[in-house]
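2 protein chains.
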Amino acid sequence: MIKTIDDYINIVGEPVISEIFKKASKLYGKHLLMVNSTFIGGGVAEILNSLIPLMNNISVDTGWRVLHGNPSFYEVTKKIHNALQSADIDITEDEKKLYLDVNESFASYTHIDHDFVVVHDPQPLPLIRHYQKKNSWAWRCHIDLSNPQPKLWEFLKKYILRYDVMIVSSESYVKKDIPIPQKIIHPAIDPLSLKNQSLNPDLISSLIRDAGIPTDKPLITQVSRMDQWKDPEGLLDVYQRVKEKIDCRLLYCYNLATDDPEGMDIFNKIKRKAKTFEKQDVLFVMGSNDCLVNAVYSVSDVIIQKSIKEGFCLCVTEAMWKSKPVVASNCGGIPLQIKDGKNGFLLDPLDYQGFAERIIEILQNKSLAIKLGENAKKSVTEKFLTTRLLSQYLDLLQEWC
Amino acid sequence: MIKTIDDYINIVGEPVISEIFKKASKLYGKHLLMVNSTFIGGGVAEILNSLIPLMNNISVDTGWRVLHGNPSFYEVTKKIHNALQSADIDITEDEKKLYLDVNESFASYTHIDHDFVVVHDPQPLPLIRHYQKKNSWAWRCHIDLSNPQPKLWEFLKKYILRYDVMIVSSESYVKKDIPIPQKIIHPAIDPLSLKNQSLNPDLISSLIRDAGIPTDKPLITQVSRMDQWKDPEGLLDVYQRVKEKIDCRLLYCYNLATDDPEGMDIFNKIKRKAKTFEKQDVLFVMGSNDCLVNAVYSVSDVIIQKSIKEGFCLCVTEAMWKSKPVVASNCGGIPLQIKDGKNGFLLDPLDYQGFAERIIEILQNKSLAIKLGENAKKSVTEKFLTTRLLSQYLDLLQEWC
Numbered sequence: 001m002i003k004t005i006d007d008y009i010n011i012v013g014e015p016v017i018s019e020i021f022k023k024a025s026k027l028y029g030k031h032l033l034m035v036n037s038t039f040i041g042g043g044v045a046e047i048l049n050s051l052i053p054l055m056n057n058i059s060v061d062t063g064w065r066v067l068h069g070n071p072s073f074y075e076v077t078k079k080i081h082n083a084l085q086s087a088d089i090d091i092t093e094d095e096k097k098l099y100l101d102v103n104e105s106f107a108s109y110t111h112i113d114h115d116f117v118v119v120h121d122p123q124p125l126p127l128i129r130h131y132q133k134k135n136s137w138a139w140r141c142h143i144d145l146s147n148p149q150p151k152l153w154e155f156l157k158k159y160i161l162r163y164d165v166m167i168v169s170s171e172s173y174v175k176k177d178i179p180i181p182q183k184i185i186h187p188a189i190d191p192l193s194l195k196n197q198s199l200n201p202d203l204i205s206s207l208i209r210d211a212g213i214p215t216d217k218p219l220i221t222q223v224s225r226m227d228q229w230k231d232p233e234g235l236l237d238v239y240q241r242v243k244e245k246i247d248c249r250l251l252y253c254y255n256l257a258t259d260d261p262e263g264m265d266i267f268n269k270i271k272r273k274a275k276t277f278e279k280q281d282v283l284f285v286m287g288s289n290d291c292l293v294n295a296v297y298s299v300s301d302v303i304i305q306k307s308i309k310e311g312f313c314l315c316v317t318e319a320m321w322k323s324k325p326v327v328a329s330n331c332g333g334i335p336l337q338i339k340d341g342k343n344g345f346l347l348d349p350l351d352y353q354g355f356a357e358r359i360i361e362i363l364q365n366k367s368l369a370i371k372l373g374e375n376a377k378k379s380v381t382e383k384f385l386t387t388r389l390l391s392q393y394l395d396l397l398q399e400w401c
Numbered sequence: 402m403i404k405t406i407d408d409y410i411n412i413v414g415e416p417v418i419s420e421i422f423k424k425a426s427k428l429y430g431k432h433l434l435m436v437n438s439t440f441i442g443g444g445v446a447e448i449l450n451s452l453i454p455l456m457n458n459i460s461v462d463t464g465w466r467v468l469h470g471n472p473s474f475y476e477v478t479k480k481i482h483n484a485l486q487s488a489d490i491d492i493t494e495d496e497k498k499l500y501l502d503v504n505e506s507f508a509s510y511t512h513i514d515h516d517f518v519v520v521h522d523p524q525p526l527p528l529i530r531h532y533q534k535k536n537s538w539a540w541r542c543h544i545d546l547s548n549p550q551p552k553l554w555e556f557l558k559k560y561i562l563r564y565d566v567m568i569v570s571s572e573s574y575v576k577k578d579i580p581i582p583q584k585i586i587h588p589a590i591d592p593l594s595l596k597n598q599s600l601n602p603d604l605i606s607s608l609i610r611d612a613g614i615p616t617d618k619p620l621i622t623q624v625s626r627m628d629q630w631k632d633p634e635g636l637l638d639v640y641q642r643v644k645e646k647i648d649c650r651l652l653y654c655y656n657l658a659t660d661d662p663e664g665m666d667i668f669n670k671i672k673r674k675a676k677t678f679e680k681q682d683v684l685f686v687m688g689s690n691d692c693l694v695n696a697v698y699s700v701s702d703v704i705i706q707k708s709i710k711e712g713f714c715l716c717v718t719e720a721m722w723k724s725k726p727v728v729a730s731n732c733g734g735i736p737l738q739i740k741d742g743k744n745g746f747l748l749d750p751l752d753y754q755g756f757a758e759r760i761i762e763i764l765q766n767k768s769l770a771i772k773l774g775e776n777a778k779k780s781v782t783e784k785f786l787t788t789r790l791l792s793q794y795l796d797l798l799q800e801w802c
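Quick mapping for you: the protein sequence lines, in order, are chains A and B.
Residue 71 in the working numbering sits at position 71 of the first sequence; the count goes up by one each step and never skips.
For the working numbering, count along the second sequence from 1 and bump the result up by 401.
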């Protein structure tokens, strides 16, 4: 079950793996720690699930701690997440207290003597204030920071300043008012995970059949969290426009993370709206089974990503890795991945008509679909696989240990 | 927010606290680690949430790691849990493989160099085989082990034998076929947790009102997981018998743990059955808010615990701590807590008529209710508070470090 670095040779080539070993050999004996807020659900957990065992496999000891929250805490941190992505939400003093208290309590039994500590996202950000920092700490933020709510930003900055380095996912998230060094590291996907590996066609068919997904009409799919930032209402609007020209289906392969209490409300709202369409034409499938998500990508004709805000958007990376034509919003890290017209299509998030036209174009032009898909897979192989991320973490360790 | 040992002086008295410090002083510099499978939901998480910060507060460094599972893993470990409690379930080879693989993966990034490791319950039991054991390891099993499914027991024994000591909750769970030392430690509750501390009467009223619980009829309450072992159908049967004599309500204050996928099915089944009663006479309230559970105990007239199997049954301890008369099944750890007729009533789990009669007796005799409640609180104070548990862990460390 545990993958080894050798398993990646056939995908990325021997020079890449050899370079990784060269970097790792300078770091033997160092001890790294990753801290985040969930071990299941969401892109960060996926990255860490693939990266951390690989770090240990190449003998760079890397631990992983997950903050122990509770439902009220996750409600507050969801608000913080949204406000960092520019939503005009005020975090109350009581909420701030809960946020800090949970971190304090976790720190009381979490003894950190590692050489380098990487704290992911805002949930465990304040942890640092409970340690006598003899080691180096990085804050790795996976969120779109281009326009954070100002009051919240001032509050969080106090904790960010204690770190040695801050890591963001895109040049546009670098903050002018943070005096610590800032690095840009793009996330990556694991080509060998259950979600991304090549599946046997029979398995694909049986998974799709068991999930009740008919395949007798073209299939437009969005794979994402059930979240306001993924614009589920806009997605339905786009689908309606496509549907007027081509008889097709929309599949929302959704995800509810354990730290996202907001998702359920949005889900109920969007399901009511979807009822205006013919039954079986708008489908909701829970994407908690990675194998099923993999199969869903495989049988889809177009992948849409109708997000308004994104950190990096690994769902786009996954779809591109599957050689699928992707029509996506020009926001967050998506333009880092899609070059419009070359390996997918980019649109203004509010250009519903444009989205619909591109999808129709792809559905009507098979050779365009194939060309976009092939280019998509090529660019992911070059830039967005976990081995590249691993290599960059080794550089970071080298610099800061 | 973090409680200190000093906060317990007024509850258990100075000699108890002084003894704890005396024991702790011999252990400074030792490093203990607790490993379990959830940080929220269920009795084990509650015990650790109270015990671990206190251990650190008295300067015995104690870490806490939570195994990183996934939904399929939790389904398997729920089966293992049930089969250990005698259910005739076969664990398939694939399920065993998943169980072992999740442990192997967790071990790959969990570096353990502590002096003493306490592994709780079967989920992380096989972890031990991935370490070169230079330290002492204890397996702390919170489950009723009196009659485990034989094939599963043979499978798990291979891992248990690697431990230095096994800890169970009751004399009757000691296993003759395990050649390692076995200790008995009763669990305990934290008198200062949100669930157990004294609440202001105004807060109680507003919590109960907000939860939609009417208080104009006598209230019989069961607080427990939604689980077959809590016999929800038997509970309804007993209530029906009481209801024929006294107009009263039944409140099921239930809990769904993150590692319990089975709960939802049982919940739906029992809700359908409850519909045969008058609306508002059988109430279901989600007990995820500890403050609300606290208020629920406070306004209940009788607490029932209709379990078929129990490890120790902390819900009984909590109710007794609230000076409530408890009518409970004579199973698992319950007879360790309740002396029939003195500080509550004990009944055969299948004696539905007996349950009903005892409840009627209490509802009709206020001075009996008060006497049972007072004796209940006294016995919990003497035997089942977290300070006693802390003290026993210090003894264990002293012996094994």
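Positions of the beta carbon are idealized from the N, C-alpha and C atoms, including for glycine.
C-alpha gap between Asn255 of chain A and Lys230 of chain A, whole angstroms: Counting only the Cα atoms, Lys230 of chain A lies some 11 Å from Asn255 of chain A.
Report the residues of the region 108-126 of chain A with a CB closer than 7 Å to any CB of chain B, ordered along the chain. Listed by position, the residues of the region 108-126 of chain A near chain B (Cβ gap below 7 Å) are Ser108, Tyr109, Thr110 and His111.
Residues of its chain near Gln486 of chain B, where Cβ-Cβ distance is below 7 Å and the 5 sequence neighbours each way are ignored: Only Ile544, Asp545, Trp630 and Lys710 meet the Cβ criterion.
Contact between the region 106-124 of chain A and the region 86-93 of chain A is defined here as three or more beta-carbon pairs at a separation below 8 Å; is this criterion met? No, they do not touch.
Could you work out which residue in B:Gly430, B:Tyr753 and B:Ile412 is closest to Val639 of chain B when comparing CA atoms only? Checked all of B:Gly430, B:Tyr753 and B:Ile412; the closest Cα to Val639 of chain B is B:Tyr753.
For Cys654 of chain B and Ile614 of chain B, I'd like the C-alpha separation in whole angstroms. Spanning the two alpha carbons is a distance of roughly 11 Å.
Name the residue from A:Ala138, A:Ala83 and A:Thr386 whose alpha carbon lies nearest to the alpha carbon of Thr4 of chain A. Of the candidates A:Ala138, A:Ala83 and A:Thr386, the one whose C-alpha sits nearest the C-alpha of Thr4 of chain A is A:Thr386.
Are the CB atoms of Val35 of chain A and Val117 of chain A nearer to each other than 8 Å? Yes, the pair counts as a contact, with Cβ atoms nearer than the cut-off.
Are there 16 or more other CB atoms within 10 angstroms of the CB of Asp702 of chain B, so buried, or fewer, so exposed? By the neighbour-count rule (16 or more Cβ atoms within 10 Å), Asp702 of chain B is buried.
Along chain B, which residues have their Cβ under 8 Å away from the Cβ of Asn56 of chain A? Within chain B, the residues near Asn56 of chain A are Ser509 and Tyr510.
Can you check whether the CB of Asp247 of chain A is closer than 8 Å to the CB of Lys217 of chain A? Cβ distance < 8 Å, so Lys217 of chain A and Asp247 of chain A count as in contact.
Is it right to say Asn766 of chain B is buried, meaning 16 or more other beta carbons lie within 10 angstroms of its own, or is it exposed? Asn766 of chain B comes out exposed.
Whole-Å CB distance - Asn776 of chain B paired with Lys725 of chain B, under 8 Å assumed: Not really, about 11 Å apart at Cβ, beyond 8 Å.
Neighbourhood of Asp210 of chain A by C-beta distance below 6 Å, restricted to the same chain and skipping five residues each side: Apart from sequence neighbours up to five positions away, no residue of its chain approaches Asp210 of chain A with a beta-carbon distance below 6 Å.
Residue-chain proximity (Asp61 of chain A, chain B), Cβ-Cβ < 8 Å: Interface residue, yes.
Let me see if you follow: with CB-CB separation under 8 Å, is Asn597 of chain B close to chain A or not? Not one chain A Cβ lies under 8 Å of Asn597 of chain B.
Is it right to say Glu634 of chain B is buried, meaning 16 or more other beta carbons lie within 10 angstroms of its own, or is it exposed? It counts as exposed.
Beta-carbon neighbours of Pro53 of chain A, restricted to chain B and to distances below 9 Å: Simply Ser506, Ser509 and Tyr510.
Nearest to Phe556 of chain B (by Cα), restricted to the options B:His531, B:Asp628 and B:Leu526: Comparing Cα-Cα distances from Phe556 of chain B to each of B:His531, B:Asp628 and B:Leu526, the minimum goes to B:Leu526.
Just how far apart, CA to CA, sit His521 of chain B and Glu171 of chain A? In a straight line, the C-alpha of His521 of chain B is about 45 Å away from that of Glu171 of chain A.
Report the option in A:Cys313, A:Ser298, A:Val165 and A:Gln240 whose CA atom is closest to the CA atom of Ala188 of chain A. For Ala188 of chain A, the nearest C-alpha among the options comes from A:Cys313.
Return helix, strand or coil for Ala589 of chain B, following the three-state DSSP convention. Ala589 of chain B: coil per DSSP, three-state reduction.
Consult DSSP for Met456 of chain B and reduce its assignment to one of helix, strand or coil. Helix.
Since Ser689 of chain B meets chain A, which of its residues come closer than 7 Å, beta carbon to beta carbon? Going along chain A in sequence order, the residues near Ser689 of chain B (Cβ under 7 Å) are Pro71.
For Tyr500 of chain B, collect the residues of the same chain with a Cβ closer than 6 Å to its Cβ; drop the 5 residues on either side in sequence, then sort them by chain order. So the list reads Val477, once near-sequence residues are dropped.
Please return the same chain residues whose Cβ sits closer than 8 Å to the Cβ of Ile705 of chain B, not counting the five positions on each side in sequence. The residues are Ile621, Thr622, Gln623, Leu636, Val639, Val727, Val728, Ala729, Phe756 and Ile760.
Nearest chain B C-beta to Ile40 of chain A closer than 8 Å, yes or no? Ile40 of chain A counts as touching chain B.
Going along chain B in order, which residues have a C-beta closer than 7 Å to the C-beta of Ile47 of chain A? In chain order: nothing, as chain B lies at least about 13 Å away.
Quick check on the burial criterion: 16 or more other C-beta atoms within 10 angstroms. Buried or exposed for Ile266 of chain A? Taking every protein chain shown into account, the CB of Ile266 of chain A has 16 or more other CB atoms within 10 angstroms, so this residue is buried.
C-alpha gap between Phe785 of chain B and Glu719 of chain B, whole angstroms: One C-alpha to the other measures close to 10 Å.
Leu595 of chain B vs Asn695 of chain B beta-carbon contact at 8 Å: Yes, Cβ-Cβ distance for Leu595 of chain B and Asn695 of chain B is below 8 Å.
Would you say Ile490 of chain B faces chain A, with C-beta separation under 8 Å as the test? With respect to chain A, the C-beta atom of Ile490 of chain B has no partner C-beta closer than 8 Å.
Where does the unbroken beta strand (DSSP E) through Leu250 of chain A begin, and where does it stop? Per DSSP, Leu250 of chain A is one residue of the beta strand (DSSP E) stretching across Arg249 to Asn255.
Have a look at Gly745 of chain B and Ile739 of chain B and give me their C-alpha separation to the nearest angstrom. Taking C-alpha positions only, Gly745 of chain B is separated from Ile739 of chain B by approximately 6 Å.
Where Ile2 of chain A meets chain B, residues with beta-carbon distance less than 9 Å: Simply Asp502, Glu505, Ser506 and Ser509.
Beta carbon of Cys802 of chain B nearer than 8 Å to that of Ser570 of chain B: By the CB criterion at 8 Å, Cys802 of chain B and Ser570 of chain B fall outside the cutoff.
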